[in-house]
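Participant: For reference, the structure I am asking about is given below.
Rendered as C-alpha cells:
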C-alpha cells in the first residue's frame, strides 16, 4: 500500500500519486516539463537527484507540484534540491518526497522544505498516521522550515510546535 | 565440496555466533553444525535467512571450514580470528610496561 | 572548555530518546538492519568482528576529569575494562551491547558527551591541534571555531546523507599539528594584516584508497563567514559528489575530477548567495563561544625552574621523559605534557579504566582539569606547572603511562586492524608490538630520533599510514597477511604522501624490514641532527629500496 502523507494526515484521492495498475505517470520528468513550458495547464514535475533544480526557475509559476526522488534513503541529494527550490528559487508550491521515504528521514525532509510524502513502508505509514515522528525540536542550524529563534546563538532554532 | 558452517552476530550484543545442529546459535565455533553436502548448505542458508527475519542475528554468512582433529578451522584468517577472539592480550595490566632510562 | 547550556542538554537528551526508540524498533524488527544501519552509524555504533563497537565523540580532542572518569566507568561497567583512543581524537569501546546503548548514551549525556555523528555519511568530529590554548605559536585558540562547527553540523537536515563521510580539522599556527592537509576541509586560523581573524581554507585532502593532499581554495576567509562558506562547500559536495562508487565518493575525488579551480568557482558562486544571510556569524556569538575557552589562571610558579633542573640531574629517567614528552607552554612556568599510550610492546592508543581514572585524577591535581586526545593516539595535559612535573611523572610511572617516547620510533600509530575490525585485511597491533619491542631500548630510540611509524590494517587507512614517515599497510595476499611499506609521508605543514617501496613483507619479515630501513637511515644521515624524514627527502627512496630488496637477493 502506498499513501501520501502531509502534516494534516493521509491525503485521500491525491491527484499526483500514480496508483497501482495505472499506466501513465502523473508527474513529468524534467526534460518533458521543460517542453511543456508552452502549455497553460498546471503540471507536476518529478526530478531525479542529478537534475539541476534551477532549470525549473522559468516554470515555477505553472508548476502545481514538484516531487524530488530518494532512490535509496542514503541518497541525500534531494535535501539540497529542496533547500534550493525553497530558499533560492522561492518556490511556494507543494514539494513531495518520493522513492525510498522512511520514517527517520521525514523530520529532516520537513525541515528542508518538503510538505508531502509518498510512502510505501508499512511501519513508516503506521507511525506517520499516529503523528509520532522521531525528530528533535531543537535545531543547531537554520533550515528552510519556519522556526523560532533558538534564543541564544544565531545559528540555533527551535521548531514551531503546532500540534 | 568444502565443509561449511553458518555464522552471524547476535543482534542484541553483536557477539559472534555459529549455528549449531540443534538450530540454536552458539558462541563457540566448535558447536557449529557442519554442512558437508549441498542439501545441508541449503538448510543452513534457510536457517540463516529465518534468523535474520526473526531479528535474532545480523550479518549472516556461510563460511568454509576445514575439519581437523581439534575441531572446525576456518580457511580465512578473518574467520579464525572471529572464532578465537583478538590475537593480542587486550587488557594490559597497569604498570606492567614502565619506562626506564638507559 | 565548552559547557553545555540548557539547549545542548535538551538536544542530547532528545537524541538519546530518539536512538532508544530506533533501537527498540530494530529489536522488534519494525525496521530492518538495512534501514537501521545508517541510523546506528550516526550514533557511533558499528558492527565489528567480535561485537558492536561504540565510538564516543571527544570534540576537538578536549575533555575534563569528570568526563574521563565517566569514560573509565563505561569501560568498566559496559565493556571489558578498557578503551581505545583514535586517530580522530575520539574513543572507541569494543564490546558494548546494542541493548545497552541507550543506557550508555544516557550516562555520557550526564557529563556532556555523546556519540553523535562519529560515523555515517555526515560531518564527523571536528578535530583540532591537541596543543590548542597552550602552544606558544598559535594565533588564537582554534577550538571555539571547532565548537561552532560542531554545533552547526549536528543533525544538519541537508547534510545528513552525504555521498560519504566528511572530516574537518582546524589548526591555528604555521605548524600543523592537526593534519589539516589530509582532511576534507582543513582550516588554518590566521590574522590578516589588520589583525582580524580568519581562515586559510583547504579542501579535498584524504587518505584511504586514493591519498591526496588538500588544495587551498581561500587564502583568507573572515571568521564571520565560517558557517556560510562551509555550507557552500557542503552543498556543492552533497549535490555533485559521486554516489555510484563508495570508493570515489569523497570530496577529494570531486576536486580531482572537476578540477580545483572549477569547483572553487562553484563554491564561490553558491557562497555569494549565502554570505550576507542568516549564517553570518555575529561577533557577539564568536565572543561568547570564545569565552568558554578562556585559559585557566596561570599563577606564577617560578620555583619550577630550579626544581626541574635538580630533578633532571638526579633522575635520568625523569630527564629522559622531560626531554621527549614535555613541550614548552606559552607561559614560561608551564609545560604541555604528552602522556604516552604506547608502552613498549603495548597496544597503541589503548588505556584501561584504571589508567583513565589515573589521568583524570592527575588532570585535576596538576593539569587545571584539562585533558586532550591527540590524533597520534596519546593523551596530553596541556597546562602543567614545571614545578609539578616530577610528582606528575612519579604518578604516571606507577600507572604505566610514563613511557618517554613521544615522536620516537616506538610511538607508533596503529588502527585496531584485523584483531577487531570487520573492514581489515590484516592485523596491525601485533606488528606494532613487535616493532616496539625490537626498538624498545631507550638508548637506541634516542639514537634514531624522531620517526613516526603509522600502521593500517586495510586500505581505509585509519592508521594514517600514508602520512607516516614509515607507513605500513596490511593487505591480504593468497589468504595470508602481507605488509607493504611506504616511506616519506608526513602529516604536518610539509605534508606528503608516502611512496611504496616495492614488494610487501610477510609477518615474520616486517620487523626486520623496518630494522633495515632504520639501519640505512643511520648509515646515510649527515648526523643525528638530520631526522629520518629530512634524510629521506635528501637521499630519496633508492638507498632504502636497495637495502630492502637487493640485500635479500644477496643473502638468499
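Residue numbers (the working numbering), protein chains in the order written: chain A, 1 to 163; chain B, 1001 to 1102; chain C, 2001 to 2556.
All C-beta atoms in this analysis are idealised placements derived from N, C-alpha and C, irrespective of residue type, glycine included.
From the DSSP secondary-structure annotation, give me the bridge partner or partners of residue 2326 of chain C.
Facilitator: Reading the third chain from its first residue, position 326 is the one you call residue 2326 of chain C. In the DSSP output, where bridge partners are listed per residue, residue 2326 of chain C has C:2337.
Participant: Count the other CB atoms within 10 Å of the CB of residue 2485 of chain C; is the residue buried (16 or more) or exposed (fewer)?
Facilitator: As a first step, residue 2485 of chain C is located in the third chain; it is residue number 485 there, counting from the start. Label assigned to residue 2485 of chain C: buried.
Participant: Assign residue 86 of chain A to one of two classes, buried (16 or more other C-beta atoms within 10 Å of its C-beta) or exposed (fewer than that).
Facilitator: Mapped onto the first chain, residue 86 of chain A falls at position 86. Classification for residue 86 of chain A: buried.
Participant: Among C:2364, C:2184, C:2376 and C:2121, which one has its Cα closest to the Cα of residue 2246 of chain C?
Facilitator: To locate residue 2246 of chain C, count along the third chain from 1; it is residue 246. Residue C:2121 is the option with its Cα nearest to residue 2246 of chain C.
Participant: Taking contact to mean at least 3 C-beta pairs separated by less than 8 Å, is the segment 2010-2028 of chain C in contact with the segment 2095-2111 of chain C?
Facilitator: Yes, since at least three Cβ pairs between the segment 2010-2028 of chain C and the segment 2095-2111 of chain C fall closer than 8 Å, the two stretches touch.
Participant: Taking Cβ positions, are residue 2601 of chain C and residue 2130 of chain C nearer each other than 8 Å?
Facilitator: Since the first residue of chain C shown is 2001 and the last is 2556, residue 2601 of chain C is not available in this structure.
Participant: Just how far apart, CA to CA, sit residue 2541 of chain C and residue 1033 of chain B?
Facilitator: Counting from one through the third chain, the residue named residue 2541 of chain C turns up at place 541. Counting from one through the second chain, the residue named residue 1033 of chain B turns up at place 33. Answer to the nearest angstrom: the Cα atoms are 52 Å apart.
Participant: For residue 2180 of chain C, which residues in the same chain have their Cβ closer than 8 Å to its Cβ, ignoring the five residues on either side in sequence?
Facilitator: Within the third chain, numbered from 1, the residue matching residue 2180 of chain C stands at position 180. Around residue 2180 of chain C: 2169, 2170, 2171, 2186, 2187, 2188, 2202, 2205 and 2214.
Participant: So, for residue 2137 of chain C: in the same chain, excluding its five sequence neighbours on each side, which residues have a beta-carbon less than 8 Å away from its beta-carbon?
Facilitator: One-based indexing of the third chain puts residue 2137 of chain C at position 137. Excluding sequence neighbours, residue 2137 of chain C sits near 2173, 2174 and 2175.
Participant: Could you pull out every residue in the same chain whose Cβ sits closer than 6 Å to the Cβ of residue 2366 of chain C, ignoring the five residues on either side in sequence?
Facilitator: Walking along the third chain from the start, residue 2366 of chain C turns up at place 366. 2384, 2388 and 2392.
Participant: I believe residue 2128 of chain C touches residue 2363 of chain C by the beta-carbon criterion, under 8 Å. Please report the beta-carbon distance rounded to the nearest angstrom.
Facilitator: Residue mapping note: residue 2128 of chain C aligns to position 128 of the third chain, counting from 1. Residue mapping note: residue 2363 of chain C aligns to position 363 of the third chain, counting from 1. At roughly 18 Å, the Cβ-Cβ gap does not stay under 8 Å, so residue 2128 of chain C and residue 2363 of chain C are not in contact.
Participant: Taking the straight line between their C-alpha atoms, what separation do you get for residue 5 of chain A and residue 131 of chain A?
Facilitator: Walking along the first chain from the start, residue 5 of chain A turns up at place 5. Walking along the first chain from the start, residue 131 of chain A turns up at place 131. Between residue 5 of chain A and residue 131 of chain A, the C-alpha separation is close to 10 Å.
Participant: Can you tell me which of the three DSSP states residue 2007 of chain C falls into?
Facilitator: For the purposes of this step, residue 2007 of chain C is identified with residue 7 of the third chain, where counting begins at 1. In this structure, residue 2007 of chain C counts as helix in the three-state DSSP scheme.
Participant: From the DSSP secondary-structure annotation, give me the bridge partner or partners of residue 2083 of chain C.
Facilitator: On the third chain, position 83 is the one that residue 2083 of chain C refers to. C:2351.
Participant: Suppose only complete runs of 4+ residues qualify. What are the alpha helix (DSSP H) ranges in the segment 67-144 of chain A, listed by chain order?
Facilitator: If we require 4 residues or more, the alpha helix (DSSP H) runs fully inside the segment 67-144 of chain A come out as 77-83, 106-111 and 122-129.
Participant: Name, please, each residue of chain A whose Cβ falls closer than 9 Å to the Cβ of residue 2268 of chain C.
Facilitator: Here residue 2268 of chain C corresponds to residue number 268 of the third chain, with the count starting at 1. Here the premise fails: no neighbours, minimum Cβ distance about 15 Å.
Participant: Answer with buried or exposed for residue 2292 of chain C, where buried requires no fewer than 16 other C-beta atoms within 10 angstroms of its C-beta.
Facilitator: For this step, residue 2292 of chain C is matched to residue 292 along the third chain. Answer is exposed; the Cβ neighbour count stays below 16.
Participant: Applying a beta-carbon distance threshold of less than 8 Å, which residues of chain C neighbour residue 75 of chain A?
Facilitator: Residue numbering aside, residue 75 of chain A sits at position 75 when the first chain is read from its first letter. Going along chain C in sequence order, the residues near residue 75 of chain A (Cβ under 8 Å) are 2161 and 2243.
Participant: Starting from residue 2486 of chain C, trace the beta strand (DSSP E) both ways and give me its first and last residue.
Facilitator: As a working mapping, residue 2486 of chain C is identified with position 486 in the third chain. From DSSP, the beta strand (DSSP E) with residue 2486 of chain C extends over 2480-2487.
Participant: Since I believe residue 2099 of chain C is in contact with residue 1013 of chain B (beta carbons under 8 Å), could you give me their beta-carbon distance rounded to a whole number of angstroms?
Facilitator: Here residue 1013 of chain B refers to the residue found at position 13 when the second chain is read from its first residue. Here residue 2099 of chain C refers to the residue found at position 99 when the third chain is read from its first residue. Indeed, because the Cβ distance is near 7 Å, the residues count as touching under 8 Å.
Participant: Tell me whether residue 155 of chain A sits in a helix, a strand or coil according to DSSP, three-state version.
Facilitator: What you label residue 155 of chain A is simply residue 155 of the first chain in a count that begins at 1. In the structure shown, residue 155 of chain A sits in coil (DSSP, three-state: anything other than H, G, I, E or B).
Participant: Residue 1013 of chain B CB to nearest chain C CB: under 8 Å?
Facilitator: By 1-based counting over the second chain, the position of residue 1013 of chain B is 13. Taking Cβ atoms only, chain C reaches closer than 8 Å to residue 1013 of chain B, which makes this a yes.
Participant: From the DSSP output, in three-state form, read off residue 2216 of chain C for me.
Facilitator: Residue numbering aside, residue 2216 of chain C sits at position 216 when the third chain is read from its first letter. The answer is strand: DSSP assigns residue 2216 of chain C an E or B state.
Participant: Report all residues from its chain with a CB closer than 8 Å to the CB of residue 2216 of chain C; omit the five preceding and five following residues, and keep chain order.
Facilitator: Taking the first residue of the third chain as position 1, residue 2216 of chain C is located at position 216. 2200, 2201 and 2202, listed in sequence order.
Participant: Output the distance between the C-alpha atoms of residue 2544 of chain C and residue 2449 of chain C, rounded to the nearest integer angstrom.
Facilitator: Position 544 of the third chain, counted from the first residue, corresponds to residue 2544 of chain C. Position 449 of the third chain, counted from the first residue, corresponds to residue 2449 of chain C. Those two C-alpha atoms are separated by around 18 Å.
Participant: Which of the three DSSP states is assigned to residue 1059 of chain B in this structure?
Facilitator: Sequence index remark: in the second chain, residue 1059 of chain B carries index 59 (1-based). Here residue 1059 of chain B sits in strand by DSSP.
Participant: Hey, would you say the C-beta of residue 2077 of chain C is under 7 Å away from at least one heavy atom of the ligand ATP?
Facilitator: The ligand ATP is absent from the structure shown, which contains no ligands of any kind.
Participant: Give the secondary structure of residue 2197 of chain C by DSSP, where H, G and I count as helix, E and B as strand, and everything else as coil.
Facilitator: Your numbering for residue 2197 of chain C matches position 197 in the third chain. In this structure, residue 2197 of chain C counts as strand in the three-state DSSP scheme.
Participant: Is it a yes or a no for the segment 107-114 of chain A touching the segment 1081-1088 of chain B, going by three-plus beta-carbon pairs under 8 Å?
Facilitator: No, because fewer than three Cβ pairs between the segment 107-114 of chain A and the segment 1081-1088 of chain B fall closer than 8 Å, the two stretches do not touch.
Participant: In this structure, does DSSP put residue 1026 of chain B in helix, strand or coil?
Facilitator: Here the question's residue 1026 of chain B lines up with position 26 in the second chain. Three-state DSSP puts residue 1026 of chain B in a strand.
Participant: I want to verify the contact list: residues of chain A whose CB lies under 8 Å from the CB of residue 2222 of chain C, in sequence order.
Facilitator: Translated into positions along the third chain, residue 2222 of chain C becomes position 222. Neighbours of residue 2222 of chain C on chain A: none; closest Cβ ~15 Å, over 8 Å.
Participant: Return the Cβ separation of residue 2089 of chain C and residue 2053 of chain C in integer angstroms, given the expectation that the two are a contact with Cβ distance under 8 Å.
Facilitator: What you label residue 2089 of chain C is simply residue 89 of the third chain in a count that begins at 1. What you label residue 2053 of chain C is simply residue 53 of the third chain in a count that begins at 1. Rounded, the Cβ-Cβ distance is 17 Å, inconsistent with contact.
Participant: Could you tell me the boundaries of the beta strand (DSSP E) in which residue 44 of chain A lies?
Facilitator: Locating residue 44 of chain A in the first chain gives position 44, where the first residue counts as 1. Where residue 44 of chain A is concerned, the enclosing beta strand (DSSP E) stretches over 43-47.
Participant: In three-state terms, what does DSSP make of residue 2042 of chain C?
Facilitator: Position 42 of the third chain, counted from the first residue, corresponds to residue 2042 of chain C. It is coil, neither helix nor strand.
Participant: Along chain C, in chain order, which residues have C-beta atoms closer than 9 Å to that of residue 69 of chain A?
Facilitator: Residue mapping note: residue 69 of chain A aligns to position 69 of the first chain, counting from 1. The contacting residues do not exist; residue 69 of chain A stays about 12 Å from chain C at best.
Participant: Between residue 2097 of chain C and chain B, is there a C-beta pair that is closer than 8 Å?
Facilitator: As a first step, residue 2097 of chain C is located in the third chain; it is residue number 97 there, counting from the start. It does: the Cβ of residue 2097 of chain C has a partner Cβ on chain B nearer than 8 Å.
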